[in-house]
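From first to last, the protein sequence lines stand for chains R and S. Count along the first sequence from 1, add 297, and you get the number used in our numbering. Count along the second sequence from 1, add 1, and you get the number used in our numbering. Built from N, CA and C at the ideal position, the CB exists for glycine as well. As the structure is a computational prediction, the values presented were derived from the model and not from experiment. Heads up: the structure comes next, in C-alpha cells.
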Amino acid sequence: MGEDRIRLEFAVSGNNFASAGSASEEVKSTLKKLGIPSADIRRVAIAMYEGEINMVIHAGGGVATADIYLDRIEIVLADKGKGIPDVELAMTPGWSTAPENIRALGFGAGMGLPNMKKYTDEFSIESEVGVGTTVRMTIRFN
Amino acid sequence: MTVGRLADILGARIAVLGDGEREVLSGYCGDFLSNVMGKAPADCAWFTVMSNVNVCAVASLTDCAAVVLCEGTEPDAALAERAAQNEVNLLITPLTVYEAAVELSRHLN
C-alpha cells in the first residue's frame with residue numbers, strides 16, 4: 298500500500314493576474330483544514346503563489362500539482378513556456394526580466410525564485426529554452 | 002494593538018473590516034509584492050501605495066493583519082471586492098507610508 302496522499306491539480310492560466318493565486322489559496326485552505334501549523338502553511342502559500350505568478354508572467358500559464366502527505370507537501374509547477382536560459386542568473390535576488398507593465402502591478406522585483414527557495418526545504422528547477430520549465434518544491438511540516 | 006485601534010491612530014477610513022479584533026504585532030512597508038512576501042512577518046500591518054487586486058492575494062497568503070493603503074490611495078474596485086470576499090482588513094489613511102509606520106511604532110512600544 299502506498300503512502301497516504303491528497304493530490305490537488307490546477308490549470309494556471311496565462312496573463313490573468315486577477316485569478317493568479319487561486320491555486321495557492323485552495324492549497325492553503327486545504328492545509329488549514331488538515332491542521333497543518335500556520336507557519337508551514339504560510340511558507341507553502343508564498344512559495345506556490347510566487348510560482349503561479351511566474352507561470353502567468355513568463356510562460357503563458359501551466360499546471361500546478363500539489364501532493365500533500367502526512368509530513369510534507371510536494372509541489373510541481375510545470376509550464377511549456379520559453380524556458381530560462383541561465384537558471385543561476387535567474388536565481389540572483391533582484392534579477393528580473395519582467396516588462397514594465399508587469400512591474401507597474403508590483404511584480405518583477407526579481408525576488409520570486411529566491412523567495413521560493415527561501416521558504417522551501419527542497420527546491421529545484423529544470424528548464425530548457427523553447428521547451429519549458431519545471432519547478433519542484435518540498436516543504437516539510439514541523 | 003487591534004486593527005480597529007490601528008485605524009483610529011492612523012485616522013484611517015475602513016474600506017473592509019474582516020476582523021477588527023485581530024492583533025497587529027508589527028509593520029512592513031513596501032510596494033514590490035515579492036519583497037513583501039519575502040520579508041513581511043505574519044500579523045503585521047502592511048503599509049503600501051499599491052492598490053491593485055494582487056495586494057489582496059499577497060496579504061492573505063502572507064497572513065498579514067491589515068493592509069494600510071497610504072497617502073489616501075483608493076483601492077481598485079477589484080481589490081475592494083476581493084478583500085471583502087477574503088475578509089482581509091483594508092484601511093485607507095491620508096498619512097504617508099513613513100508617517101503611518103511611525104504612528105504604529107509609537108503605539109506598539
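When the five nearest sequence neighbours on each side are left out, the beta carbons in the same chain lying within less than 8 Å of the beta carbon of P76/S are those of A16, S52, V56, L70, A84, L91 and I93, in order along the chain. If you draw a straight line from the Cα of L26/S to the Cα of A356/R, it comes to about 38 Å. The stretch 427-435 of chain R makes contact with the stretch 347-356 of chain R; the number of CB pairs closer than 8 Å reaches 3 or more.
Straight-line measurement puts the Cα of L18/S at about 26 Å from the Cα of F404/R. With respect to the 8 Å criterion, I436/R and M38/S are not classified as neighbours on the basis of their beta carbons.
Pairwise C-beta distances place the stretch 328-343 of chain R out of contact with the stretch 383-399 of chain R, as fewer than three of them are shorter than 8 Å.
Around D20/S, no beta-carbon contact reaches into chain R at under 8 Å, the shortest distance being about 15 Å.
Runs of the alpha helix (DSSP H) lying entirely within the stretch 13-50 of chain S and spanning at least 4 residues, in chain order: 34-40. Out of F307/R, S424/R and E423/R, the CA that lies nearest to the CA of D364/R is found in F307/R.
The beta carbon of A58/S sits closer than 8 Å to some beta carbon of chain R. Listed in chain order, the positions of the stretch 299-328 of chain R with a beta carbon within less than 8 Å of a beta carbon of chain S are F314, A315, A317, G318, S321, E322 and K325. Excluding its 5 nearest sequence neighbours in each direction, N412/R has C-beta neighbours in its own chain below 8 Å: I343, A344 and E347, listed in chain order.
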